[in-house]
Ligand SMILES: [Zn+2]
């Protein structure tokens with residue numbers, strides 16, 4: 053959870069005003085090439101959130117310790133192409149890895165997509181909000197095998213995993229490109245197996261068993277040369 057949103061100084065506010073006074077105000081303002089002040093503000097936003105998020109993506113929690121701006125995207129939690137008016141709202145900004153940002157795209161994250169004012173409560177959002185929610189109250193994470201699953205009856209957890217396709221890590225981990233099942237595959241099986249035994253609730257146990265079943269079926273399909281596309285990999 054981001055403890056404190058960025059605070060704009062006088063120069064930063066000039067950029068925001070420039071955007072607000074623009075007659076053709078639209079989200080493409082964000083990508084203007086010849087606006088030095090805008091460039092500087094975007095750099096500042098990246099630097100600020102990188103530090104406060106400790107080089108960790110707000111949606112997948114992967115840590116990428118790289119300062120180069122090209123490795124990170126400024127994430128508009130409510131997409132700027134959906135609601136451009138929140139494009140510079142500090143609580144609508146965070147840093148995400150490029151994959152999460154691309155996959156999430158312009159998908160809806162709001163309980164009430166027609167709302168006009170900025171939604172500033174956790175309950176206004178259907179996903180885990182980087183500023184308003186504690187991530188691990190909604191999502192369980194097996195760090196080693198990069199497996200994510202929602203906490204019991206947790207809609208925000210379910211939606212975040214779906215919106216950002218956080219299952220992509222498991223499918224990368226079990227790497228199905230080679231001839232045979234590799235060590236990543238067996239690591240995932242072991243991790244899930246251990247979790248099934250250690251799970252504190254039946255919900256968690258059932259969820260890990262289901263994932264174990266999916267991974268097992270995928271392995272079986274691969275070994276028997278069956279079509280893997282039905283697993284949506
Ligand atoms: Zn990510």
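Numbering (our numbering), first residue to last: 53 to 285. We put the CB at the ideal spot given by N, CA and C, even for glycine.
- With a contact defined as Cβ atoms closer than 8 Å, residue 180 and residue 209 qualify at about 7 Å.
- Runs of the beta strand (DSSP E) spanning 3 or more residues and lying entirely within the segment 99-166 occur at 124-128, 145-149, in chain order.
- Less than 8 Å divides the Cβ of residue 111 from the Cβ of residue 148.
- By the Cβ test, the segment 181-200 is in contact with the segment 228-244, since at least three Cβ pairs between them sit closer than 8 Å.
- Following the DSSP letters along the chain, one finds residue 233 in no beta strand (DSSP E), marked with neither H nor E.
- In the DSSP secondary-structure assignment, residue 82 is not bridged to any residue.
- The nearest non-hydrogen atom of ligand 1 is 7 Å or more from the C-beta of residue 125.
- For residue 71, the three-state secondary structure derived from DSSP is helix.
- Residue 65 and residue 88 have their C-alpha atoms some 14 Å from each other.
- The shortest CA-to-CA distance from residue 129 to any of 219, 215, 272, 267 is the one to 215.
- Per DSSP, the unbroken alpha helix (DSSP H) holding residue 261 starts and ends at 254-275.
- Residue side-chain check: residue 131 keeps its Cβ at 7 Å or more from all non-hydrogen atoms of ligand 1.
- Scanning the segment 179-252 for uninterrupted beta strand (DSSP E) segments of 3 residues or longer gives 191-194, 199-202, listed from N- to C-terminal end.
- By alpha-carbon distance to residue 114, the top candidate from 221, 79, 169, 177 is 221.
- At the C-beta level, residue 107 and residue 117 come within 8 Å of one another.
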